[in-house]
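*Asks:* Once you've had a glance at the structure underneath, I'll fire off some questions.
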Amino acid sequence: MCVPHPLLPLSAMDSRLEIAALGRALYPGMLYDCRSDTFIPGVTLWNKDSLKSDIDERPQPKTDLKFSASDSLSEKANFLDVNASLKASFLSGLIEVGGSAKYLRDTKSSMSQSRCTMMYSVTTKFQQLTMTQLGNITYPEVFEQKTATHVVTAALYGAQAFMVFDHMASGTEEQQKIEGILHVVVKKIPSLNIEGDGKLTLNEDEKKLADEISVTFHGDFSLDRNPTTYQEAVDLYKNLPNLLKDKGYSGVPVKVWLYPLKLLNYKAAALVREISTSLVSKTERLLEQLEEVERRCNDLNRRSIVQDFSDLKVRLQIFHDCYSDYKTVFQKALCRVLPDVRGGGQEEETLAEIIEIHNRSPFAANKWNEWLESITDESQILSSYTKRLQDIRVVTSLGDLNAILFDPDVDTVICLAFTSLANPDKFINTLNEFFKSDDFKKLEDFCTVGGTTEPYQPWFTSFDISQRMRENLSLFKSFSEANKGTKGVHFVIASITDTNNPGTSIRLYEKGECTNRKFTPVSKPPPPTVKMSDGLGTLMLQKSPTGETVRFRIEYTPSNSRDENKVWEVRDTLNAQESFMLTGLQPDKQYDVRYRAVSDVGMSEASDIRYIPKTYPGYPSTDGE
Numbered sequence: 008m009c010v011p012h013p014l015l016p017l018s019a020m021d022s023r024l025e026i027a028a029l030g031r032a033l034y035p036g037m038l039y040d041c042r043s044d045t046f047i048p049g050v051t052l053w054n055k056d057s058l059k060s061d062i063d064e065r066p067q068p069k070t071d072l073k074f075s076a077s078d079s080l081s082e083k084a085n086f087l088d089v090n091a092s093l094k095a096s097f098l099s100g101l102i103e104v105g106g107s108a109k110y111l112r113d114t115k116s117s118m119s120q121s122r123c124t125m126m127y128s129v130t131t132k133f134q135q136l137t138m139t140q141l142g143n144i145t146y147p148e149v150f151e152q153k154t155a156t157h158v159v160t161a162a163l164y165g166a167q168a169f170m171v172f173d174h175m176a177s178g179t180e181e182q183q184k185i186e187g188i189l190h191v192v193v194k195k196i197p198s199l200n201i202e203g204d205g206k207l208t209l210n211e212d213e214k215k216l217a218d219e220i221s222v223t224f225h226g227d228f229s230l231d232r233n234p235t236t237y238q239e240a241v242d243l244y245k246n247l248p249n250l251l252k253d254k255g256y257s258g259v260p261v262k263v264w265l266y267p268l269k270l271l272n273y274k275a276a277a278l279v280r281e282i283s284t285s286l287v288s289k290t291e292r293l294l295e296q297l298e299e300v301e302r303r304c305n306d307l308n309r310r311s312i313v314q315d316f317s318d319l320k321v322r323l324q325i326f327h328d329c330y331s332d333y334k335t336v337f338q339k340a341l342c343r344v345l346p347d348v349r350g351g352g353q354e355e356e357t358l359a360e361i362i363e364i365h366n367r368s369p370f371a372a373n374k375w376n377e378w379l380e381s382i383t384d385e386s387q388i389l390s391s392y393t394k395r396l397q398d399i400r401v402v403t404s405l406g407d408l409n410a411i412l413f414d415p416d417v418d419t420v421i422c423l424a425f426t427s428l429a430n431p432d433k434f435i436n437t438l439n440e441f442f443k444s445d446d447f448k449k450l451e452d453f454c455t456v457g458g459t460t461e462p463y464q465p466w467f468t469s470f471d472i473s474q475r476m477r478e479n480l481s482l483f484k485s486f487s488e489a490n491k492g493t494k495g496v497h498f499v500i501a502s503i504t505d506t507n508n509p510g511t512s513i514r515l516y517e518k519g520e521c522t523n524r525k526f527t528p529v530s531k532p533p534p535p536t537v538k539m540s541d542g543l544g545t546l547m548l549q550k551s552p553t554g555e556t557v558r559f560r561i562e563y564t565p566s567n568s569r570d571e572n573k574v575w576e577v578r579d580t581l582n583a584q585e586s587f588m589l590t591g592l593q594p595d596k597q598y599d600v601r602y603r604a605v606s607d608v609g610m611s612e613a614s615d616i617r618y619i620p621k622t623y624p625g626y627p628s629t630d631g632e
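Quick note: to get this note's numbering, add 7 to the position in the sequence shown (first position is 1).
In structure tokens:
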């Protein structure tokens with residue numbers, strides 16, 4: 008948008024205004040509306056022949072090369088020489104950009120993305136209208152239409168090219184290291200020998216990174232194929248100076264100068280006031296915060312754990328959709344207000360009020376940041392649990408779970424269920440309610456809106472739930488390892504809502520039916536006590552501290568510390584008896600002994616090992632330790 012001197016009223020400004028063309032077809036003689044930052048096609052003050060005959064043209068060759076490591080809109084606007092007011096129009100969606108200016112819309116898709124941009128620009132010629140035309144208006148009725156505020160009186164032609172180099176890192180430390188190397192390899196491109204073969208000298212780290220870089224091109228040059236790799240970008244840079252020369256191409260308007268119609272005819276529409284730089288900056292920060300929401304949602308969606316747990320994925324998608332809808336409505340509000348403020352129909356305070364509405368709404372940065380931090384923590388907790396159980400399948404849908412439950416070869420399924428992932432999310436409910444409220448509808452009319460949110464309390468922050476989850480993880484892991492490979496028994500992880508058992512629960516399914524929603528498996532029992540009498544060993548056994556013990560499994564083997572793959576002999580008790588006499592042992596051998604608690608659906612982890620000492624006739628018996 009055209010910006011006059013900030014200290015002077017618009018009525019006092021009689022100098023021409025300078026703006027970036029941003030890929031728009033702005034040529035001398037075209038009419039321009041500074042209220043909406045749009046040009047008026049097909050309507051002029053002069054006929055075609057007059058415009059052609061009274062154009063002053065002169066060459067203006069210049070080449071420039073710049074680099075940037077920033078992805079902020081402010082830095083991009085500086086690259087393209089976009090002033091604050093034109094930036095406001097871009098942010099609100101008033102203008103569509105083209106050619107190299109599409110770079111303004113190229114934002115990072117991930118917080119793990121490293122980026123470096125190279126800008127190559129060249130100017131070719133300058134065109135301007137002569138004073139003869141300004142004094143000889145062919146179509147004066149245009150002034151009364153009040154569709155435009157300015158006329159394009161001059162244009163600078165040329166071309167710009169932006170090559171955006173991106174690399175995706177796998178971690179914070181790696182990203183910091185990569186960013187340094189990325190900037191080095193990009194800034195080395197201009198050092199190539201133009202007359203040579205376009206080769207660059209890179210060390211091993213730089214070569215490796217160069218092979219992993221992706222490139223996006225935004226430019227005013229006509230290319231047969233846009234570069235997508237580092238080497239293709241190097242090849243293009245080598246040929247850029249020739250692209251204009253070889254085709255006799257003067258480029259496109261990159262900058263234009265505007266003259267107020269009010270100075271030609273008092274009936275013409277005028278730019279009454281401008282948007283302050285401070286408000287533009289606030290709007291810019293706000294929309295960049297909404298862009299951050301997009302990046303963080305993308306990062307979360309890329310996590311395999313989010314794909315594994317559909318309840319988490321659904322909540323994230325609802326959140327993302329709410330923000331996308333809100334951003335659209337917010338930008339439409341800006342789009343309606345800006346032209347009215349500039350044309351004098353509304354005061355600048357109207358825009359300030361819209362920003363204040365946002366800051367009080369549930370879409371303010373401090374509120375959504377808290378929610379995103381929470382769901383990030385939630386996904387990390389799920390990841391830590393599934394990594395501890397990496398041999399256990401995560402069932403991603405109810406259909407997959409049913410396929411296992413009703414498999415005729417599967418008698419028993421023990422499931423570690425995350426029971427709170429689909430709990431009603433108060434923050435998402437607040438966002439949805441905000442859309443339905445009268446206050447939200449008022450946003451389109453630019454009135455005051457109130458928005459309150461209850462403090463968000465994630466389910467996993469409860470100490471009791473956290474402790475219960477740890478216990479269930481330990482029990483499930485131990486039980487699954489003890490019964491690994493048991494025919495007809497299957498272990499799975501799933502998300503199953505159960506408000507009566509928040510956090511996690513272990514669910515028991517038998518013959519396809521859930522028989523226990525809070526199943527407690529048997530766990531590692533205390534080590535046996537060995538009593539020796541007359542050469543016979545009696546084991547004193549104890550039930551599992553958890554679950555229901557129906558019997559015991561005794562395991563013993565000759566002691567041999569050198570044998571890593573011991574073969575254990577097995578004997579089962581008839582019931583959960585407290586003692587068991589182990590017979591048939593050779594008296595001249597020492598034995599290792601342990602036992603397991605057995606339930607109706609499986610057995611526990613083995614107890615710690617105790618030994619049965621050698622016995623010889625005539626020697627007193629001793630207790631094993």
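The C-beta atom is built at its ideal place from N, Cα and C for all residues, glycine as well.
Treat the numbers as computed from the prediction; the structure is a model and nothing was measured.
So, with DSSP's three-state summary, where would you put residue 340?
*Replies:* Helix at residue 340.
*Asks:* Do you know how far the Cα of residue 513 is from the Cα of residue 522?
*Replies:* 11 Å
*Asks:* What is the DSSP secondary structure of residue 93, counted as helix, strand or coil?
*Replies:* helix
*Asks:* Report yes or no: do three or more beta-carbon pairs, one from the stretch 150-161 and one from the stretch 24-39, lie closer than 8 Å?
*Replies:* yes
*Asks:* Check whether the stretch 55-66 touches the stretch 97-111, taking contact to mean three or more Cβ pairs, one atom from each stretch, closer than 8 Å.
*Replies:* no
*Asks:* Output needed for residue 292: all residues of its chain with C-beta closer than 6 Å, excluding positions within five of it in sequence on either side, in chain order.
*Replies:* none
*Asks:* Could you tell me which residues DSSP puts in a beta bridge with residue 27?
*Replies:* 262
*Asks:* Residue 164 bridges to which residues according to DSSP?
*Replies:* According to DSSP, residue pairing for residue 164 in a beta bridge involves 132 and 260.
*Asks:* How is the alpha helix (DSSP H) around residue 476 delimited, first residue to last?
*Replies:* 470-489
*Asks:* Return the chain-ordered list of same chain residues with a C-beta closer than 6 Å to the C-beta of residue 549, the five sequence neighbours on each side being excluded.
*Replies:* Counting only residues of its own chain and dropping the five nearest sequence neighbours on each side, residue 549 has a CB closer than 6 Å to the CB of 532 and 533.
*Asks:* Taking Cβ positions, are residue 240 and residue 196 nearer each other than 8 Å?
*Replies:* yes
*Asks:* In terms of DSSP beta bridges, what is residue 603 paired with?
*Replies:* 560
*Asks:* Grab me the residues of residue 455's own chain with a C-beta within less than 6 Å of its C-beta, minus the 5 sequence neighbours each way, in chain order.
*Replies:* Annotation note: pLDDT 36 at residue 455 (below 50); position unreliable, coordinate value reported separately. Closer than 6 Å at the Cβ level, and outside the excluded window around residue 455, lies no residue.
*Asks:* Kindly indicate which three-state DSSP category residue 282 falls into: helix, strand or coil?
*Replies:* Coil.
*Asks:* Within 8 Å, do at least three Cβ pairs link the stretch 123-137 to the stretch 66-79?
*Replies:* With the cut-off at 8 Å, the stretch 66-79 and the stretch 123-137 touch.
*Asks:* With a threshold of 7 Å (Cβ to nearest heavy atom), would residue 471 be considered close to the ligand HEM?
*Replies:* With respect to the ligand HEM, the structure offers nothing, as it holds no ligand at all.
*Asks:* Tell whether a beta-carbon distance below 8 Å holds between residue 496 and residue 419.
*Replies:* yes
*Asks:* Measuring straight from C-alpha to C-alpha, what distance separates residue 377 and residue 503?
*Replies:* 25 Å
*Asks:* Report yes if the CB atom of residue 562 is closer than 8 Å to the CB atom of residue 585, and no otherwise.
*Replies:* no
*Asks:* By Cβ distance below 6 Å, which residues in the same chain neighbour residue 99 in space, the five residues on each side in sequence not counted?
*Replies:* Setting aside the 5 residues that flank it on each side, residue 99 is surrounded in the same chain by 338, 341, 342 and 345, each with a C-beta closer than 6 Å to its C-beta; the list follows chain order.
*Asks:* Is it buried or exposed, residue 242, if we count other Cβ atoms within 10 angstroms and call 16 or more buried?
*Replies:* exposed
*Asks:* Determine the closest residue to residue 421 out of 583, 506, 428 and 517, with distance taken between C-alpha atoms.
*Replies:* For the residues 583, 506, 428 and 517, the minimum Cα distance to residue 421 belongs to 517.
*Asks:* Going by C-alpha to C-alpha distance, which of 540, 555 and 612 sits closest to residue 590?
*Replies:* 540
*Asks:* What's the gap between the Cα of residue 115 and the Cα of residue 301?
*Replies:* 9 Å
*Asks:* Could you work out which residue in 526, 599 and 25 is closest to residue 266 when comparing CA atoms only?
*Replies:* 25
*Asks:* Mapping the DSSP letters down to three states, classify residue 454 as helix, strand or coil.
*Replies:* Unreliable positioning characterises residue 454 in this predicted model, as indicated by a pLDDT of 36, which lies under 50. The coordinate reading is nonetheless provided below. In this structure, residue 454 counts as coil in the three-state DSSP scheme.
*Asks:* Is residue 170 helix, strand or coil when you go by DSSP?
*Replies:* Strand, per DSSP.
*Asks:* Helix, strand or coil: how does DSSP classify residue 404 here?
*Replies:* coil
*Asks:* Quick one: what does DSSP say residue 101 is sitting in, helix, strand or coil?
*Replies:* coil
*Asks:* Can you tell me whether DSSP reads residue 523 as helix, strand or coil?
*Replies:* strand
*Asks:* Would the beta-carbon of residue 251 fall within 8 Å of that of residue 166?
*Replies:* Residue 251 is a Cβ neighbour of residue 166, given a cutoff of 8 Å.
*Asks:* Take residue 139 and list the residues in its own chain whose beta-carbon comes closer than 7 Å to its own, dropping the five residues that flank it on each side.
*Replies:* Correct list, in chain order: 61.
*Asks:* Cβ atoms of residue 95 and residue 276: under 8 Å apart, would you say?
*Replies:* no
*Asks:* If distances are taken between C-alpha atoms only, which option among 368, 488, 552 and 316 comes closest to residue 386?
*Replies:* It is 316.
*Asks:* Do three or more CB pairs link the stretch 316-336 to the stretch 428-440 at distances below 8 Å?
*Replies:* yes
*Asks:* In angstroms with no decimal places, state the Cα-to-Cα distance between residue 467 and residue 426.
*Replies:* 11 Å
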